[in-house]
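Visitor: Numbering (my numbering), first residue to last: 113 to 221.
Backbone N, C-alpha and C fix where the C-beta goes; we use that ideal spot for every residue, glycine too.
Predicted model, so just to flag it, every value in this text is computed and none were measured.
(1) With a 10 Å radius around its C-beta and 16 neighbouring C-beta atoms as the bar for buried, classify residue 166 as buried or exposed.
(2) At the 7 Å Cβ level, is residue 195 part of the contact set with chain D, yes or no?
(3) I need the DSSP call for residue 137, collapsed to helix, strand or coil.
(4) Mind listing, in chain order, the continuous alpha helix (DSSP H) runs of no fewer than 4 residues lying wholly within the segment 117–180?
(5) Relative to the alpha-carbon of residue 208, which residue among 130, 123, 148 and 138 has its alpha-carbon at the smallest distance?
(6) Would residue 133 and residue 118 qualify as a contact pair, given that the criterion is a beta-carbon distance under 7 Å?
(7) Within a Cβ cutoff of 7 Å, which residues of the same chain sit near residue 215, ignoring the five residues on either side of it in sequence?
(8) So, at 8 Å on beta carbons, what are the nonlocal neighbours of residue 188 in its own chain, with the 5 sequence-adjacent residues on each side left out?
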């Protein structure tokens, strides 16, 4: 991936995992070995890095707000965020980040 990341167990987290550059947060110690979840969050770290972090969060929020207006449903809005679409589509592929092209999330619009 080009850089190291640290995984932090955060029991207060309301979701299983979250990428908060340069960290991956998980809400339970047992998730430290969940390869798909960790890969999903690593994909988000790559997205964040290529957008220089802050623009990633801005675009993520804008995309979510557009989706919530469109779908009127949190789960659908979340799952249709372009960054989530890429991460969910590729999280089961452990080699994805080695061959991933920059801005690959863009094709999920």
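Guide: Reading from the atomic positions:
(1) By the neighbour-count rule (16 or more Cβ atoms within 10 Å), residue 166 is not buried but exposed.
(2) In the displayed structure, chain D is absent; only one protein chain is listed.
(3) strand
(4) 147–162
(5) 148
(6) Going by C-beta atoms, residue 133 is not nearer than 7 Å to residue 118.
(7) 162
(8) 179
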